[in-house]
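Positions in the sequence shown are counted from 1; adding 1330 to them yields the working numbering.
First up is the structure itself, then whatever we jot down about it.
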Amino acid sequence: MIHSIQTRASRLLGVRYPIVQGGLARVAKAELCAAVSAAGGLGQISTVGLADAEALRAEIRRARALTDKPFGVNFPLGRMDFTAMMEVVLEEEVAVIALTAGNPAPWIKRIDGRAKVLVLIAGPELAKKAEGAGADLVATVGYEGGGHLGRGDETTMVMVPRVVRAVSIPVLASGGIADGAGLLAALALGAEGVEMGTRFVASAEAHAHANYKQALVAAEPMGTTVIKRSLGMPGRALRSAHTEAILAAEAAGEDIVPMIAGPLNARGVDDGELDQSYLWAGQCVGLIGEVEPAGAIVERMAREAGEGLARMNRAFQPTG
Ligand SMILES: Cc1cc2nc3c(=O)[nH]c(=O)nc-3n(C[C@H](O)[C@H](O)[C@H](O)COP(=O)(O)O)c2cc1C
1331 MIHSIQTRAS
1341 RLLGVRYPIV
1351 QGGLARVAKA
1361 ELCAAVSAAG
1371 GLGQISTVGL
1381 ADAEALRAEI
1391 RRARALTDKP
1401 FGVNFPLGRM
1411 DFTAMMEVVL
1421 EEEVAVIALT
1431 AGNPAPWIKR
1441 IDGRAKVLVL
1451 IAGPELAKKA
1461 EGAGADLVAT
1471 VGYEGGGHLG
1481 RGDETTMVMV
1491 PRVVRAVSIP
1501 VLASGGIADG
1511 AGLLAALALG
1521 AEGVEMGTRF
1531 VASAEAHAHA
1541 NYKQALVAAE
1551 PMGTTVIKRS
1561 LGMPGRALRS
1571 AHTEAILAAE
1581 AAGEDIVPMI
1591 AGPLNARGVD
1601 DGELDQSYLW
1611 AGQCVGLIGE
1621 VEPAGAIVER
1631 MAREAGEGLA
1641 RMNRAFQPTG
């Protein structure tokens, strides 16, 4: 059993293991967030799908009732005006605020050191901007990952060392990580922790229909595809009749905005309708063998990473 994995990221976030559960739109509610944090990682609550700021406050308080460990709240900027929700997060003294899909600078100013700020970025230039704006740490968004991606199709293997070289704040690797070997590889690339999305959707506590979770277990990497390129906002989702229709519409130069409306995502997440929905998922579906409790995923990853490190130590023979 690995007691803890100490990096600048784990110390900054106040966690035992630098394993962060991504802000999973509609899926990450108090139960998942608290299960990850209680196991020694950092859970997050997603603001997407919550009715208003008071609904977020209730979700934060529910998570607090389930764990005394730190957790975060995730804001995909540019979706809507998050001013009221941000005030609630600051009033409730949430430990970590994650910002993505927009300019984090004005929000970091508003947060003003009252929470640690994690910014999701795709590539070294955006990482430098986030660091310059005052981010405490960044998470890379690799092309293998589930949900929204960078426009450059850059993989985790290449992006992580490039970002590590570009900034001096800690870097979390995200995209394609689902087990202890992935965590160890991320640390080997210079990251100081990981952020994972798809793996935690296939967990007992995720607010997702059983059909969605089982589809992740059953899928191979080629069972995912990238939609929304025509909007300049590529995102990786499970292949379905609906994502095929989106790709066909994009190829024909048609407007796909009505096809990616939130309720179509909710139809899959909440009701388990897989064909006529789009559901975010990364290539790491190929590494997911079963739906597990989120805490067991965190603990197994730490154990597997420790075992992998011991194996590598045995392989490396010093001279002399
Ligand atoms: C279902 C789903 C929803 C997501 N929603 C968000 C979100 O609202 N905000 C965010 O920062 N990232 C979101 N992401 C991206 C994750 O936080 C994470 O960066 C990504 O899943 C990492 O790749 P992986 O799926 O290979 O672990 C989402 C990912 C998935 C799978």
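For glycine and all other residues, C-beta sits at the position ideal for the given N, C-alpha and C.
The structure displayed is predicted, hence computed values, not measured ones.
Residue i CB to nearest heavy atom of ligand 1 below 7 Å
i               : result
glycine 1612    : yes
proline 1551    : no
leucine 1513    : no
leucine 1450    : yes
valine 1378     : yes
valine 1556     : no
glutamate 1634  : no
leucine 1354    : yes
valine 1471     : yes
alanine 1591    : no
proline 1500    : no
asparagine 1643 : no
methionine 1415 : no
proline 1434    : no
proline 1564    : no
asparagine 1404 : yes
methionine 1487 : no
alanine 1393    : no
serine 1504     : yes
alanine 1428    : yes
threonine 1528  : yes
valine 1654     : Because the chain spans 1331 through 1650 in this model, residue 1654 falls outside it and cannot be assessed.
glycine 1476    : yes
valine 1345     : no
isoleucine 1507 : yes
glutamate 1535  : no
valine 1357     : yes
glutamate 1653  : The question about residue 1653 has no answer here: the residues shown for the chain are numbered 1331 through 1650.
For residue i, three-class secondary structure by DSSP
i               : result
alanine 1324    : As shown, the chain starts at 1331 and ends at 1650. That puts residue 1324 outside it, with no answer to give.
arginine 1569   : coil
isoleucine 1441 : helix
isoleucine 1375 : strand
methionine 1331 : coil
lysine 1543     : helix
leucine 1526    : Sequence inspection shows methionine at residue 1526; the leucine mentioned does not correspond to that position. Here methionine 1526 sits in strand by DSSP.
alanine 1645    : helix
lysine 1459     : helix
serine 1560     : helix
glutamate 1622  : strand
valine 1447     : strand
alanine 1503    : strand
glutamine 1613  : helix
Rounded distance between the beta-carbons of residue j and residue i, thought under 8 Å
i              : j                  : result
proline 1623   : glutamate 1535     : 7 Å
valine 1651    : alanine 1549       : Residue 1651 cannot be examined here, being either before or after the span of the chain that is shown, 1331 to 1650.
leucine 1372   : glutamine 1351     : 7 Å
alanine 1635   : leucine 1513       : 5 Å
proline 1500   : glutamate 1522     : 4 Å
threonine 1377 : valine 1403        : 6 Å
alanine 1579   : isoleucine 1590    : Their Cβ separation, rounded to whole angstroms, is 10 Å, which puts alanine 1579 and isoleucine 1590 out of contact at 8 Å.
proline 1434   : alanine 1465       : 7 Å
glutamine 1374 : phenylalanine 1401 : 6 Å
glycine 1475   : glycine 1527       : 7 Å
8 Å Cβ cutoff met for residue i and residue j
i               : j             : result
alanine 1425    : lysine 1446   : yes
glycine 1638    : glycine 1510  : yes
valine 1471     : serine 1498   : no
threonine 1397  : alanine 1364  : yes
alanine 1355    : alanine 1383  : no
arginine 1529   : alanine 1508  : yes
valine 1468     : valine 1449   : yes
arginine 1569   : glycine 1592  : no
asparagine 1643 : glycine 1602  : no
proline 1564    : lysine 1558   : yes
leucine 1609    : valine 1556   : no
isoleucine 1427 : alanine 1532  : no
arginine 1566   : glycine 1506  : no
alanine 1626    : tyrosine 1347 : no
Exercise. Which whole runs of the beta strand (DSSP E) in the segment 1458-1500 are 3 residues long or more, in chain order?
Worked result: 1467-1470
For this session: Run through the segment 1338-1377 for me and flag every whole beta strand (DSSP E) of 3 or more residues, listed as ranges in chain order.
Result: 1349-1351 and 1373-1376
Exercise. If you scan the segment 1376-1408 from start to end, which runs of the alpha helix (DSSP H) of 4 or more residues do you find wholly inside it?
Worked result: 1383-1396
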